[in-house]
Amino acid sequence: MGKATVDMLAMAQQVEMIGLYASVAFFFVVYYRYRQRFLQLNHQEVITDSKQFTDQAAAFNQVAKINWWWFAAYLVVRTILFVLGTFLNNMQVTADNAMMMALIGYAYMVLSLVYPIVFLVFVWRKSLKIYRATKAL
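For the sequence shown, UniProt numbering begins at 1 and goes up steadily by one.
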């Protein structure tokens, strides 16, 4: 495999991991701030009625719960990327399979660059729901 292909795969993996870590960190910061605000209101006794607290806790859990389908989809995409990356790293380039290798390399790069963006959009939407719920408290 050529040095340019190896560099392309390494860059795609770095961009992918930066996007993933940034989106997860963003979600946890927003989640933590919402939880702190919720607990602060409870400790200030703004929420005095236990039924209201239970309702608020249920609303908090509904808004902030993690959608496990996202995680499953992430694992599926990571598995596909792992298989493609391993295949590309072990593939011997000949005149017959050069085009196939180029197409698989481009598919790997596109998938590894697009899926963190899609994941970030989902995290952003969930974080906005949490932020709006925080403003409503």
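Cβ coordinates follow ideal geometry from the N, Cα and C atoms, glycine included.
Report the three-state DSSP secondary structure of residue i (helix, strand or coil).
i	result
residue 166	Because the chain is modelled from 1 through 137, residue 166 falls outside the range shown and cannot be assessed.
Expressed to the nearest angstrom, what Euclidean distance is found between the alpha-carbon atoms of residue i and residue j?
i	j	result
residue 9	residue 92	16 Å
residue 117	residue 37	29 Å
residue 83	residue 121	25 Å
residue 16	residue 34	27 Å
residue 133	residue 115	27 Å
residue 90	residue 108	15 Å
residue 11	residue 18	11 Å
How would you label residue i, buried or exposed, when you count the other beta carbons within 10 angstroms and need 16 or more for buried?
i	result
residue 21	exposed
residue 126	buried
residue 25	exposed
residue 28	exposed
Keeping to the same chain, check which residues put their C-beta closer than 6 Å to that of residue i; ignore five residues upstream and five downstream.
i	result
residue 110	none
residue 72	none
Excluding the 5 residues flanking residue i on each side, which residues of the same chain have their C-beta closer than 8 Å to its C-beta?
i	result
residue 68	none
residue 106	none
residue 124	23 and 26
Taking 7 Å as the limit between beta carbons, can you name the residues of its chain near residue i, skipping five residues before and five after?
i	result
residue 30	127, 130 and 131
residue 13	112
residue 81	108, 111 and 112
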